[in-house]
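Student: Quick note: to get the numbering used here, add 234 to the position in the sequence shown (first position is 1). Structure incoming, see below.
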Amino acid sequence: MKLKKKILQTVPVLLLMVFLILNPGVGKEGVTEGFLVCGQSIIPSLFPFTVCILFCIQYNWPKRIENILFKLAGLFNMNPDEMKIFLFSIVGGYPIGAKLLEARFREGAISKDNAGNLLNCCIHSGPAFLIFIIGDGIFSSKKIGYMLLFAQIFSAFILAFIVRFYLKSNRNSHRFQSKKTSFASKFTDAVSQSSTAMISICGYVLFFAVLTAYSKYFFAENPFAQYIVPLLEISNGIFQSKNIYFISFLVGFAGVSVWCQVLSFSKDFAVNYGKFVLYRLLHGLIFAGTMKIEMMIFQPKISVFSNHFIPRFHQTYSTVMLSFSLLLMLILLFLVLYGKKEGGNLKNDMI
Numbered sequence: 235m236k237l238k239k240k241i242l243q244t245v246p247v248l249l250l251m252v253f254l255i256l257n258p259g260v261g262k263e264g265v266t267e268g269f270l271v272c273g274q275s276i277i278p279s280l281f282p283f284t285v286c287i288l289f290c291i292q293y294n295w296p297k298r299i300e301n302i303l304f305k306l307a308g309l310f311n312m313n314p315d316e317m318k319i320f321l322f323s324i325v326g327g328y329p330i331g332a333k334l335l336e337a338r339f340r341e342g343a344i345s346k347d348n349a350g351n352l353l354n355c356c357i358h359s360g361p362a363f364l365i366f367i368i369g370d371g372i373f374s375s376k377k378i379g380y381m382l383l384f385a386q387i388f389s390a391f392i393l394a395f396i397v398r399f400y401l402k403s404n405r406n407s408h409r410f411q412s413k414k415t416s417f418a419s420k421f422t423d424a425v426s427q428s429s430t431a432m433i434s435i436c437g438y439v440l441f442f443a444v445l446t447a448y449s450k451y452f453f454a455e456n457p458f459a460q461y462i463v464p465l466l467e468i469s470n471g472i473f474q475s476k477n478i479y480f481i482s483f484l485v486g487f488a489g490v491s492v493w494c495q496v497l498s499f500s501k502d503f504a505v506n507y508g509k510f511v512l513y514r515l516l517h518g519l520i521f522a523g524t525m526k527i528e529m530m531i532f533q534p535k536i537s538v539f540s541n542h543f544i545p546r547f548h549q550t551y552s553t554v555m556l557s558f559s560l561l562l563m564l565i566l567l568f569l570v571l572y573g574k575k576e577g578g579n580l581k582n583d584m585i
C-alpha cells in the first residue's frame with residue numbers, strides 16, 4: 235500500500251520533468267505568465283493587507299470592541315480570538331486565515347479539532363484582488379468588484395454558520411494576550427512573516443502556472459479543459475474565462491494551488507480532506523449564486539478584456555480606491571495602538 239502511494243506521488247512529478255525536457259518552451263511560457271500574475275496581481279493586492287493583519291492581530295483590542303466581538307462570536311459558537319481570525323481571513327487573502335489559525339494553534343489558544351473545522355470558513359480572497367484585479371481589471375467595473383466583495387462576505391458568514399455546529403464551545407477559554415514586545419518588533423515580525431508567505435505563495439503560483447500551461451497544451455482541443463484547467467490555479471484561471479459566474483465560483487472554490495498553500499500551514503490540524511473539498515465546492519456555489527442574484531438586481535454594464543493575455547494595467551497602484559484601502563489600514567493601525575498595553579508612548583515604541 236505504501237509503495238502504491240509513493241508511486242502515485244512520484245509519477246506525476248517525473249512526467250512533468252519529462253515534459254520540461256521534451257518541450258521546455260511550454261514550461262517557459264507558463265513561468266513567464268506566472269511571474270506576471272505574481273507581479274501584477276498577487277503581491278500588490280495581498281502583501282500590504284498581509285503586513286497590516288499580521289501586525290494588528292498581535293495587539294489586544296479596546297474593551298468596548300472586545301465586548302461587541304464576544305457577542306458576535308457567540309452567534310457562531312466561537313470565542314473572540316476565533317472570530318478575529320475569521321474576520322481577518324475575509325480581508326486578508328487566501329492563506330491568511332490558515333496562517334493565523336496555525337499561530338493560535340501553536341500557542342494553545344485553539345484546539346486541533348476546532349482549527350480543522352474553522353479552516354473551512356477562513357479561506358477567502360483579498361478585497362483588493364476582487365475590486366482591482368477582477369472588477370476593474372477584467373470587467374472594467376469597480377461596481378462588479380464591490381458586488382464580488384459582498385458575495386464573499388455573505389458566503390463567508392453562511393459557511394461560518396454551518397461550521398458552528400461542528401465547533402466545540404470554548405467561549406470561556408483564556409483569551410490570547412499579546413507578547414510584551416515593542417511596536418518596531420511587532421512591525422518587523424509582520425513584514426518578515428508576510429515576505430516569507432509571499433515567497434511560498436508565488437512559488438505555488440509559478441509551479442501551477444507551468445502545470446496549467448502543459449495541461450492547456452495537451453488538452454487544447456478538449457472543450458472540458460477550459461473549465462477543468464482553471465480549477466488548478468485561480469490567478470491564471472480567472473484570465474481564461476469571460477463568464478462572471480464561473481469566475482465567482484473559482485474565487486470561492488480557490489483552486490488546488492491555494493489548497494496547497496492553505497494546507498501547508500495547517501498540516502497539524504484535524505483536517506477532514508473530504509469535508510474540506512466539499513466546503514470548497516459549497517463556497518464556490520454560494521458565491522456564484524449570490525453573484526447571480528446581485529447581477530439580476532443591479533444589472534451592471536460590463537466589458538471584458540480579451541482572454542488571450544494577462545492585462546497589463548495600473549489600477550492596482552493608482553486609483554482612489556487604493557487610497558481608501560490604505561486609509562482603512564491606517565484606521566486599523568490606530569485602533570490597535572489605542573488598545574495597546576505597553577509603554578503608552580507611541581514615539582518610544584516606534585523608535
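Where is the CB? At the ideal position from N, CA and C, for every residue including glycine. None of the values given here were measured: they were computed from a predicted structure.
Could you check the C-alpha separation between threonine 430 and alanine 443 for me, to the nearest Å?
Tutor: One C-alpha to the other measures close to 20 Å.
Student: Looking only at its own chain, which residues have a Cβ that is under 7 Å from the Cβ of arginine 398, when we skip the five neighbours before and after it?
Tutor: So the qualifying residues of the chain are Phe310 and Asn311.
Student: Report the rounded CA-to-CA distance for cysteine 436 versus arginine 338, giving the unit in angstroms.
Tutor: Near 24 Å, if we compare the C-alpha coordinates of arginine 338 and cysteine 436.
Student: Tell me whether the beta-carbon of threonine 284 lies closer than 8 Å to the beta-carbon of serine 428.
Tutor: Cβ atoms of threonine 284 and serine 428: closer than 8 Å.
Student: Can you list, in chain order, the residues of its chain with a C-beta nearer than 6 Å to that of phenylalanine 363? Leave out the 5 residues immediately preceding and following it.
Tutor: Counting only Cβ-Cβ distances below 6 Å, and skipping sequence neighbours, we find Ser279.
Student: Within 10 angstroms of the Cβ of alanine 394, are there 16 or more other Cβ atoms? Answer buried if so, exposed if not.
Tutor: With 16 or more other Cβ atoms within 10 Å, it is buried.
Student: Per DSSP, what kind of secondary structure is valine 505 in: helix, strand or coil?
Tutor: Here valine 505 sits in coil by DSSP.
Student: How about alanine 332 and methionine 317: are their beta carbons less than 8 Å apart?
Tutor: Contact flag unset, no.
Student: Which runs of the alpha helix (DSSP H), 4 residues or longer, sit entirely within the stretch 324–349?
Tutor: Whole alpha helix (DSSP H) segments, 4+ residues: 330–340.
Student: Report, in whole angstroms, the separation of the C-beta atoms of valine 265 and tyrosine 448, which I expect to be a contact under 8 Å.
Tutor: No, valine 265 and tyrosine 448 are not in contact; Cβ-Cβ is about 12 Å, not under 8 Å.
Student: Taking 7 Å as the limit between beta carbons, can you name the residues of its chain near serine 375, skipping five residues before and five after?
Tutor: For serine 375, where only same-chain residues beyond five positions count, the Cβ hits under 7 Å are Gly369, Pro534 and Ile536.
Student: Which value, in whole angstroms, describes the spacing of the CA atoms of serine 323 and tyrosine 400?
Tutor: Roughly 19 Å between the two C-alpha positions.
Student: Can you grab the Cα-Cα spacing for the pair glycine 327 / alanine 522, in whole Å?
Tutor: For glycine 327 and alanine 522, the distance between alpha carbons rounds to 18 Å.
Student: Work out the CA separation of lysine 509 and aspartate 502 for me, nearest whole Å.
Tutor: In a straight line, the C-alpha of aspartate 502 is about 16 Å away from that of lysine 509.
Student: Among the residues of its own chain, which have a CB less than 7 Å from the CB of lysine 420, if the five just before and after it don't count?
Tutor: Phe289 and Gln292.
Student: Report the rounded CA-to-CA distance for isoleucine 276 versus leucine 270, giving the unit in angstroms.
Tutor: Spanning the two alpha carbons is a distance of roughly 9 Å.
Student: Which residues in the same chain as methionine 432 place their Cβ atom closer than 8 Å to its Cβ, once the five residues preceding and following it in sequence are excluded?
Tutor: If we look at methionine 432 and ignore the five residues flanking it on each side, its Cβ neighbours are Ile276, Ile277, Leu280, Phe281 and Thr284.
Student: Is it right to say serine 552 is buried, meaning 16 or more other beta carbons lie within 10 angstroms of its own, or is it exposed?
Tutor: Low local confidence applies: a pLDDT of 46 at serine 552 is under 50, so the model's placement there is unreliable, with the coordinate-based value given in what follows. Classification for serine 552: exposed.
Student: Note down the Cα distance separating lysine 402 from isoleucine 299, rounded to an integer number of angstroms.
Tutor: Looking at the two C-alpha atoms, the distance is approximately 24 Å.
Student: Which residue wins for smallest C-alpha separation from leucine 250, given the options Gln274, Ala390 and Thr446?
Tutor: Answer by Cα proximity: Thr446.
Student: So, at 6 Å on beta carbons, what are the nonlocal neighbours of histidine 408 in its own chain, with the 5 sequence-adjacent residues on each side left out?
Tutor: Only weak support exists for where histidine 408 lies, its pLDDT of 48 falling under 50; the coordinates are left without a value.
Student: Fully enclosed by the stretch 271–311, which alpha helix (DSSP H) runs are 4 residues long or longer?
Tutor: Here the runs fully enclosed are 277–290 and 297–309.
Student: Assuming glycine 437 is part of the alpha helix (DSSP H), what are its boundary residues?
Tutor: Per DSSP, glycine 437 belongs to the alpha helix (DSSP H) from 417–452.
Student: Kindly indicate which three-state DSSP category cysteine 356 falls into: helix, strand or coil?
Tutor: DSSP places cysteine 356 in coil when its eight states are reduced to three.
Student: Look at tyrosine 513 and asparagine 257 and say whether their C-beta atoms are less than 8 Å apart.
Tutor: Result no, Cβ atoms of tyrosine 513 and asparagine 257 do not sit closer than 8 Å.
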